[in-house]
Amino acid sequence: MVLAMLRSMVFDKTAVDDLFQETMITAWRTLDRYEEDRPFGPWLRGIARFQVLAYYRKVKRLPTVDHAKVVEHIEGRLDEIASRPGDTWEEKIEALDDCLQRLPDDARNIVALHYEQNLTTEVIAIRLRTSREAIKKRLQRARARLTDCFERKGLFLRVETDA
Amino acid sequence: MSIPPGSETNDSHQELADDLVMDAILQGHHLDRKITLESRIQRVMDDVNTSIHCREDSPSSGKTRSHRLARQGVGAAIAAAVLLAAGLTMMLVMTKTPTATASLDQTLRLIEREDLTFRLELTKEHLDNPTKIDLRSPRYRKSPRRSGRSAPPIEHFDGAALHVRGPKYVLLGDRDRARGLAKGFDGDALWTNGPKPPRSNDNPEGGDSILGDFFELITLDLHELIRDLREGYEVEIMGLESVMTDDGVEQQFVHRRADRLDGGINRLPLQIHLWTDSETGRLEALDCRGVRLRGLNETYEISLTLESDAQLPDTWFDRQSHLPDPKRGNQRPREHDGPRIGDPFPPPFPPFAPPHPPQKNGHRGRGPIGQSR
Chain A
215 MVLAMLRSMV FDKTAVDDLF QETMITAWRT LDRYEEDRPF GPWLRGIARF QVLAYYRKVK
275 RLPTVDHAKV VEHIEGRLDE IASRPGDTWE EKIEALDDCL QRLPDDARNI VALHYEQNLT
335 TEVIAIRLRT SREAIKKRLQ RARARLTDCF ERKGLFLRVE TDA
Chain B
1118 MSIPPGSETN DSHQELADDL VMDAILQGHH LDRKITLESR IQRVMDDVNT SIHCREDSPS
1178 SGKTRSHRLA RQGVGAAIAA AVLLAAGLTM MLVMTKTPTA TASLDQTLRL IEREDLTFRL
1238 ELTKEHLDNP TKIDLRSPRY RKSPRRSGRS APPIEHFDGA ALHVRGPKYV LLGDRDRARG
1298 LAKGFDGDAL WTNGPKPPRS NDNPEGGDSI LGDFFELITL DLHELIRDLR EGYEVEIMGL
1358 ESVMTDDGVE QQFVHRRADR LDGGINRLPL QIHLWTDSET GRLEALDCRG VRLRGLNETY
1418 EISLTLESDA QLPDTWFDRQ SHLPDPKRGN QRPREHDGPR IGDPFPPPFP PFAPPHPPQK
1478 NGHRGRGPIG QSR
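So the protein lines, in turn, are chains A and B. If you want this note's numbering, it's the 1-based position in the first sequence plus 214. If you want this note's numbering, it's the 1-based position in the second sequence plus 1117.
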């Protein structure tokens, strides 16, 4: 979760790696200041936030956007997955393969090209003779179908909306 | 998870979060997670061990050695455990694909995650008749020999390319006029190649300040500018503007207009127009209007138009990648010369360039022009 928080605040992947490492090292060095009766996670995230501020001072930039609501939703989804039975991550999301099989052929094909073969949307667009935007939209729809499948299978709680 | 039914904003946050989670799940599904995790754990453990050895070697560490050694196991275990959990989380939250939310948050996020190349246009504003700068005017026709090492006037950056990767950027002067001037930030330091601004104590509001203001504006972190929209501007959504691409795919752009609330106390633009992709939230074009630079009476319009989001080489933001050719000195690059290492004006776009970016009215300049809704 620390890394998730770092990624939400700093989008440079290399910087995130470095900040994560610095957070861990700082936590180790200051472990004697940690009060055992308090939760460990917030303490660690506090260190990470300090590292982020130091990073922005170094690069002379203001901290980027605060999108706490989105992170809150992501954490909620991760909590839902974590609460599933199974010891490993793969066991907890074993329904994914079944959901992938239920995708329409064209959606499954694009998902395979992008995530399995690691092709960029530009390359897929050229292969399929369409635009990059169209590919991105199809991928987005495929992910929405998978989310819906997860909800139907109980991996995700269905979110009620006013709409 | 208890997510109360709520506003459209809350729903869009939920949609965005779901899309990011599913994208991360799919990425992680095909990654070699074990190797990735072990590599990360090893990095931290190496540093932890180095730290311990350094403390042990220190004469002042004698009193605490046993305590720290006893703590090593606990600390390492905690670090490793947290690292394992965070590593899994990281794979879940890794994102690179845009989503349906067209919010400014998403625009900011994409600016950080993608390599974006913008074309910069500079227009001197007249009250009701903005015109392109006439570079044939004697005012702008300075001889390179007589001007010595003076910095080029800001007009020479009309047509420049601005490459952005998160906080890093490179501004490459226009091929014909800026003669090798490149300015950038490599993540650690600011750098400039080409003519340096003249030092002048008796002209504090002169060209040096003008150029400084100009650079301050166009090379500021795009995040800061867009953040300012919400803090110092009144933002209004003007509507959706549609474009039909050659592939028959309709693209829509959200057009926002932001007017300054304070009436222009500092040098931020009086008005900003912003076009973002309605599906992805990606910034497609940005117009800064009413830009006033110190020492100049006229105001300028500075426009950034997205030309490419193709990935750039990692070294692209380094100073060494844009050194002028020493054989030519101040001679401008010849058109028939091909790209070469260190060329200040290499072709900026890798092969897969997206369709033409929208013009200032939000259109991409090809296909039938859509209706503003």
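We put the CB at the ideal spot given by N, CA and C, even for glycine.
Distances from the alpha-carbon of V325(A) to those of I1142(B), P1386(B), C1405(B) and P1284(B) put I1142(B) closest.
Looking from the CA of E1238(B), the closest CA among V1360(B), R1406(B), E1353(B) and D1431(B) belongs to R1406(B). Here L353(A) has I324, V325, H328 and T335 as same chain residues with Cβ atoms under 8 Å from its own Cβ, once five neighbours each way along the sequence are excluded. Listed in chain order, the positions of the segment 345–359 of chain A with a beta carbon within less than 8 Å of a beta carbon of chain B are S345, R346, E347, A348, K350, K351, L353, Q354, R357 and A358. Contact holds between the segment 1366–1377 of chain B and the segment 1349–1357 of chain B, because three or more Cβ pairs, one in each stretch, are under 8 Å apart. Residue pairing by DSSP places K1300(B) opposite L1288(B) and T1309(B) in a beta bridge.
CA-CA distance, D1376(B) to K1241(B), rounds to 19 Å. Your pair T1422(B) and L1227(B) does not check out as a contact, with CB atoms roughly 16 Å apart and the cut at 8 Å. Proximity of P1430(B) to chain A, defined by a Cβ-Cβ separation below 7 Å, is not satisfied.
With respect to chain A, the C-beta atom of P1284(B) has a partner C-beta closer than 7 Å. Checking the DSSP bridge columns, you'll see D1404(B) partnered with H1390(B) and S1420(B). Exclusion of the five residues before and after T1224(B) leaves T1393, G1398 and L1400 as the residues of its chain whose Cβ lies within less than 6 Å of its Cβ. Within 9 Å of the CB of I324(A), no CB atom of chain B is found; the nearest one sits about 11 Å away.
About 31 Å separates the CB atoms of D1435(B) and E1418(B); that is not less than 8 Å, and the two are not in contact. Distance from the CA atom of Q331(A) to the CA atom of W242(A), rounded to whole angstroms, is 39 Å. In the DSSP assignment, V1371(B) falls within the beta strand (DSSP E) that extends over E1367 to R1377. Within chain A, not a single residue places a beta-carbon under 8 Å from that of A1278(B); the smallest gap is close to 19 Å. CA-to-CA, the gap between R1230(B) and R372(A) works out to about 30 Å. The residue among D1140(B), Q1437(B), Q1131(B) and L1133(B) with its C-alpha nearest the C-alpha of G1311(B) is Q1437(B). Within its own chain, the residues whose Cβ lies closer than 8 Å to the Cβ of A321(A), once the five positions on either side in sequence are excluded, are R352, R355, A356 and R359, listed in chain order. Using a Cβ-Cβ cut-off of 7 Å, V266(A) does not count as an interface residue toward chain B, since no Cβ of chain B sits closer than that to its own.
Legend: CB atoms of the segment 1389–1422 of chain B lying less than 7 Å from CB atoms of chain A belong to residues E1396 and T1397. Residue pairing of E1353(B) in beta bridges, as defined by DSSP: R1374(B).
By the beta-carbon neighbour count (other beta carbons within 10 angstroms, threshold 16), T1234(B) is buried. In terms of Cα proximity to C363(A), the closest of R343(A), Q315(A) and L342(A) is Q315(A).
By alpha-carbon distance to T240(A), the top candidate from L333(A), A348(A), R366(A) and L258(A) is L258(A).
Following the DSSP letters along the chain, one finds L314(A) inside the alpha helix (DSSP H) bounded by residues A309 to Q315. When C-alpha distances from D1275(B) are compared across L1289(B), D1303(B), V1138(B) and D1140(B), the shortest belongs to L1289(B).
Under DSSP, the beta-bridge partners assigned to D1232(B) are R1282(B). When beta bridges are read from the DSSP output, S1425(B) appears opposite T1234(B).
Scanning chain A for C-beta atoms nearer than 7 Å to the C-beta of D1140(B) yields R357, reported in chain order. Under the three-state reduction of DSSP, R366(A) is assigned to helix. For the options R346(A), R291(A) and A262(A), the alpha carbon positioned closest to that of E236(A) is the one of A262(A).
Taking a Cβ-Cβ threshold of 9 Å, none of the residues of chain B is close to K306(A); the smallest such distance is about 10 Å.
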